[in-house]
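Below: one structure, written as structure tokens.
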Amino acid sequence: MLRFAPPLTLSIFLAPIGAGLIGTILPAFGWFPPIGGYDISVDPWHKLFAFSGIWTTLRLTIMVGLGATTLSFVLATAFCALGHQRPAFKRFERYTAPLLATPHAAIAIGFAFLVLPSGWLARMSSPWLTGWEHPPVLVTVRDTYGLAFMAGLLLNETPYLVLMMIAASSQVPVVAMVASARSMGYGRVRAWVNIVLPQIYPQIRLPVYTVLAFSLSVVDVAIILAPGNPPPLSVLATRWFGDYNLKLYFPAAAAVLLQAFLVVLAVVLWRLGEIAGARLGRWRLAFGSRRDLLAPVIVFVGSGTIIVGIVGLLSIVGIALWSLAEEWHFPDALPSRWTVQIWTSHLREHQGGSRCKCANE
Amino acid sequence: LAPDPTVLQKPATKEIFATATAPLRAWYDALRPTQRRHGQEYPESGPAQRQLLNDGEIDLSVSFNPAEAALSIANKLLPETARVFVLDRGTIGNTSFVAIPYNATNKEGAMLVANFLLEPATQARAQDPKHLGSFTVLDPAKLAPEDRARFAQLSENKAMPSPEDLGKILLEPHSSWMTQITAEWEKRYVR
């Protein structure tokens, strides 16, 4: 009896995904009877590629997806290479807990508020330092290249990968291996990168792919931080799905399929990168050089990781302050009037007692 | 901006569309570089634009609801100094509609609700920023004095325009204009 359990469990998991996939593939080729789609055709794909910003959209999606994953992986690796076996490193988990527990969209809003021209950093330094009485004309979030979007993704992804690396390290005798590598004359950073990383990488491969897929397809963070004209592919699909013009449902479904294809393509690319990276590492090792050329770079990048963590925590503090602000105008560093009304009214709503306050759009 | 505004009431055909929107395009091309971020990037939604106004990043924002300023002030989303203005030569008077689907099960009940929504007392309460902040669809000049007084009282709020403040009300163009202008905009300016 028990041997039926694995296929059964699998099918319980996969059936809804399969149904969803079929429900996307059919409209992507024009079949969706409820809104009059009876013809199988490639017309939705024509419509998708006729969108005048499609190439910018694709470039933005791929650059940010690969860029955010690479950067967060490099930042997390550098941080672990530097910090392993240090006592402060153990306390790291305490600081990452809020970063991992806060929803991505909330961190994105907090980050946007931090770096906007009218944001918290500008407010803290104006006008006494910058001389700004009004928000300056600067482009910080929603920039054309998606840099703010990428940075916003790093805030969640870097601590996540660090935690994954710490968990994976506990499966490997790190202390003994680093000690023996060091006895052969390798520096601590090099010892970790050369000996420990290749052994824990197979365990963090799936989390890395998750980060890759997430960066390529995230919607909420993209709406807040990515450019909107044209937006990343995920946002474009969301817009079309929600459009009052139901005919856009077809190109939206095509966009989602393209999105899935991009994720597969990116994972394949990443896998090729892994193989190339492993070859390069082995080739370098064979030289037997003991010089730690990487160490200064790693120190630099590792401090970048700490900055990422601080920015993430500040983003959370920023939205926490907004939740208590009644009025907070530029250039005040803190709200000018405080209130707990937002909290109390929402708490009351959840108790079901109060009437719904509907904001008019 | 259209050379002959009457064509806007009819469906937009290809030939009429090109000539009727040529001045609009020229005007917009001149205006666009002067906008925030040179008109290359826009806030995602109405609320996002209102937040930019609240932060002082922009000087004015557009709303379909004349009561938006009063409503936002009441909800602490804009400073108390926010005010409403309309265009000198008239503004399109688009307003809320209530429709009953053709296959509705309880048409009579739906009509009853629609009538209730149109009652002056309901409309005045709905316009009150403390409640819904949705500007009335009624013309107070045609109402009984006691109902008119309800709306006059609401307009004592400096951020709430009175119906006279809204100036000349223009007809909404045939809906095909909106979709075609949007498509044309996307074709020309999304890169």
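Protein sequences appear in the order of chains A and B.
Note that the first sequence covers residues 1 to 361 in this note's numbering.
Note that the second sequence covers residues 1001 to 1191 in this note's numbering.
Glycine residues also receive a C-beta, built at the ideal position from the N, C-alpha and C atoms.
Interface annotation, Arg-1025(B): not in contact with chain A, CB-CB separation never under 9 Å. Counting of Cβ neighbours within 10 angstroms places Phe-149(A) among the buried residues, the total reaching 16 or more. Contact of Gly-1093(B) with chain A is not assigned, every C-beta pair being separated by 9 Å or more. Proximity of Gly-312(A) to chain B, defined by a Cβ-Cβ separation below 9 Å, is not satisfied. For Ala-325(A), the uninterrupted beta strand (DSSP E) run begins and ends at 325-327, by DSSP. Taking the CA atoms as reference points, Phe-1151(B) sits about 23 Å from Leu-1078(B).
Contact between Val-1190(B) and Asn-229(A) holds: their C-beta atoms lie close to 6 Å from each other, under 8 Å. The beta-carbon of Phe-241(A) is placed no less than 9 Å from the nearest beta-carbon of chain B. Against chain A, the CB of Asn-1054(B) has a partner CB under 9 Å away; the residue lies at that interface.
Of all C-beta pairs linking the stretch 26-37 of chain A to the stretch 246-259 of chain A, three or more are shorter than 8 Å, placing the two stretches in contact. Checking the DSSP bridge columns, you'll see Thr-1091(B) partnered with Ile-1169(B). Taking C-beta separations shorter than 6 Å and ignoring five residues to either side along the sequence, Ile-166(A) has no partners in its chain.
Annotated as distal: Pro-1003(B) and Ala-1018(B), with beta-carbon spacing of 9 Å or more. Where Phe-73(A) is concerned, the enclosing alpha helix (DSSP H) starts and stops at 54-83. Take the alpha-carbon of Gly-1133(B) and the one of Ala-1067(B): they are about 6 Å apart. DSSP places Arg-86(A) in the coil class of the three-state scheme, outside both helix and strand.
Under the three-pair Cβ rule at 8 Å, the stretch 160-180 of chain A counts as touching the stretch 198-208 of chain A. DSSP, reduced to helix, strand and coil, places Gly-318(A) within a helical segment of the structure shown. Of the residues Phe-1116(B), Gln-1049(B), Asn-1103(B), the one whose Cα lies closest to the Cα of Ile-224(A) is Gln-1049(B). For Asn-229(A), the residues of chain B that pass the 8 Å Cβ criterion are Gln-1040, Glu-1041, Tyr-1042, Tyr-1189, Val-1190, in the order they occur in the chain.
Taken through DSSP and simplified to helix, strand or coil, Tyr-1102(B) comes out as coil. Counting only runs that start and end inside the stretch 82-132 of chain A, the alpha helix (DSSP H) elements of at least 4 residues fall at 87-90, 92-101, 104-115, 120-124.
In this structure, Arg-290(A) is the residue among Arg-290(A), Pro-117(A), Leu-66(A) with its C-alpha nearest to the C-alpha of Ser-183(A). Identification of residues in the stretch 1155-1173 of chain B having a C-beta nearer than 7 Å to some C-beta of chain A yields an empty set. From the listed residues Phe-330(A), Leu-324(A), Pro-335(A), the smallest Cα separation to Thr-344(A) is found for Leu-324(A).
Ile-17(A) counts as exposed, since fewer than 16 other C-beta atoms from the protein chains shown sit within 10 angstroms of its C-beta. For Asn-1054(B), the uninterrupted alpha helix (DSSP H) run begins and ends at 1046-1054, by DSSP. Selection Ala-1144(B), Ala-1141(B), Lys-1014(B), Ala-1114(B) evaluated against Ser-1096(B) yields Ala-1114(B) as nearest (Cα-Cα). By the CB criterion at 9 Å, Pro-1161(B) and Val-1086(B) fall inside the cutoff. With a threshold of 9 Å between beta carbons, His-134(A) makes contact with chain B.
In this structure, Asp-1055(B) lies away from Pro-232(A), with their beta-carbon atoms at least 9 Å apart. Burial is judged here by how many other beta carbons sit within 10 angstroms of a residue's own beta carbon; Gln-171(A) has fewer than 16 and is exposed. At a C-beta separation below 8 Å, Pro-117(A) has these neighbours in chain B: Glu-1057. Distance check between Gln-1051(B) and each of Val-235(A), Trp-192(A), Trp-322(A), Pro-7(A) places Trp-322(A) closest, using alpha-carbon atoms only.
Phe-51(A): not part of any alpha helix (DSSP H); DSSP gives it neither H nor E. Under the DSSP definition of a beta bridge, Gly-37(A) partners with Phe-32(A).
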